[in-house]
Structures are given as structure tokens and as C-alpha cells.
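Per my numbering, the sequence shown starts with residue 9, numbered consecutively.
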Amino acid sequence: MCKAPNSWLQRTVIVALVLCEGACPQRAGSEVVGFTYAEGYSSAALDEPIDLGFRAFSLGSRPCDGLPVTHQATAEPSRLELRVGERYFLPNIVLRVYDAAGQFVPRAPLFAHLTYDRDVLTFESDNDRNFWVIGHAEGSGVANFAVDCAETPLLVKVPITVLPDR
9 MCKAPNSWLQ RTVIVALVLC EGACPQRAGS EVVGFTYAEG YSSAALDEPI DLGFRAFSLG
69 SRPCDGLPVT HQATAEPSRL ELRVGERYFL PNIVLRVYDA AGQFVPRAPL FAHLTYDRDV
129 LTFESDNDRN FWVIGHAEGS GVANFAVDCA ETPLLVKVPI TVLPDR
């Protein structure tokens, strides 16, 4: 019998492993990479973007204290389309989290994970609060966000499609 993880840190490691599974198709002869690039919080208000930072385990051991159990999460935009050479600033994503009654839950802790084919996308960061993806060739990737203030972590996937140059 498998015992459920009881600490936020244990659950975080499990969430990171789940995010890595089969996230984007691999092109022949290329390399798919996946990594957690930031921690942070979901939107503080319905129209505000997420708060991301380049940090590791800085949210503390009990970041969900005082928050209701999260039940649902949505991202806006729900998918990204980039042209070859186009950049997207990942902290512009709005991630709304709700409890079981449908009430908005501000600033739920999250992990941001990116999976992509190295031939399709590039990730750039200033190692602080600024994170971009840049399209290089037709293909796809995914920006994943894991919110973990529930019995089962909420995983929100934002597919990234790179379209050909015009």
C-alpha cells in the first residue's frame, strides 16, 4: 500500500515528476527538455498575472496555511501561439484558482514548469523574475503550472505552438 505524501515538499517532488511525463512530442534527432523554472503564486486578483520568481523552496514548508482547499484552476491565455522569432513573457499569464464553492482563491502557491523541444523553443531568464519563451521552428511545447493546496495537486497546462514565419 502506498502512503500519501504528507508534506508540501514531498508532494512538490511528485508534482514535478508528473509534469515531466509525455508533455510534448519529440522531433526526430532532437532533444526534449523539461524543468521547473520558478516558484510563485497564482493571480492575486481576477485580472492580475501570476507572481513568479527564480527561487527554490522559498515558499516555506506550509504555504497553504490559511488558504481554502483549491478545487479548480484556469489559465489565460489557455494556449499560446508564437511565430518563429516571436517572444512571450511567461509571467503575463493569469492563473485563477477557485475553491470547491467556486470562490476565487488569491495567491495560491505554484510551481512553473516548461517542457519543449530544443529545436522548437528557447527559454530565457534573468535568473530573477523575468522568463521568456522564443519560437525557433514549427512545433510545440507546454508551460505547466502546479497548484498544490488540495488533496490532489491542480495541474494547468498551457500548450505552446510555434507557427511558421509569415
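Beta carbons: idealized from backbone N, C-alpha and C, even for Gly.
How about residue i and residue j: are their beta carbons less than 8 Å apart?
{"i": "V155", "j": "K165", "result": "no"}
{"i": "L60", "j": "A83", "result": "no"}
{"i": "Y45", "j": "A109", "result": "no"}
{"i": "L122", "j": "F43", "result": "yes"}
{"i": "P161", "j": "S148", "result": "no"}
Please state the DSSP three-state secondary structure of residue i.
{"i": "L54", "result": "coil"}
{"i": "N135", "result": "coil"}
{"i": "G74", "result": "coil"}
{"i": "E39", "result": "coil"}
{"i": "D59", "result": "strand"}
{"i": "P167", "result": "strand"}
Leaving out five residues on either side along the sequence, give the residues of the same chain with a beta carbon under 6 Å from the beta carbon of residue i.
{"i": "E94", "result": "G143"}
{"i": "L163", "result": "A154"}
{"i": "C72", "result": "C157"}
{"i": "R115", "result": "Y49, A52"}
{"i": "D107", "result": "P76, H79, V113"}
Apart from the five residues just before and just after residue i, which ones in its own chain have a Cβ nearer than 8 Å to its Cβ?
{"i": "L118", "result": "E47, G48, Y49, S50, I58, L103, F153, A154, V155, D156"}
{"i": "E146", "result": "V92, V128, V170, L171, P172"}
{"i": "E56", "result": "V102"}
{"i": "R87", "result": "V166, P167, I168, T169"}
{"i": "W140", "result": "R95, Y96, F97, L98, F131, E132, S133"}
Round the Cβ separation of residue i and residue j to the nearest angstrom and send it over; I've been treating them as touching at under 8 Å.
{"i": "V77", "j": "V170", "result": "About 37 Å; that fails the 8 Å criterion."}
{"i": "F62", "j": "R137", "result": "7 Å"}
{"i": "V40", "j": "Y96", "result": "Not confirmed; about 19 Å, so no contact."}
Less than 7 Å between C-beta atoms, sequence neighbours within five positions excluded: which residues of the same chain meet that for residue i?
{"i": "E29", "result": "Because the pLDDT of E29 is 46, which lies under 50, any placement of that residue in the model is unreliable, and the question is left without a value."}
{"i": "R174", "result": "R91"}
{"i": "S187", "result": "Not covered by the structure: residue 187. The range shown for the chain is 9 to 174."}
{"i": "L54", "result": "R104, F112"}
{"i": "N135", "result": "F62"}
{"i": "E89", "result": "T169, L171"}
Exercise. With a floor of 3 residues, list each beta strand (DSSP E) that falls wholly inside the stretch 80 to 159, ordered by position along the chain.
Key: 88 to 91, 95 to 97, 102 to 107, 117 to 125, 129 to 133, 139 to 143, 147 to 155
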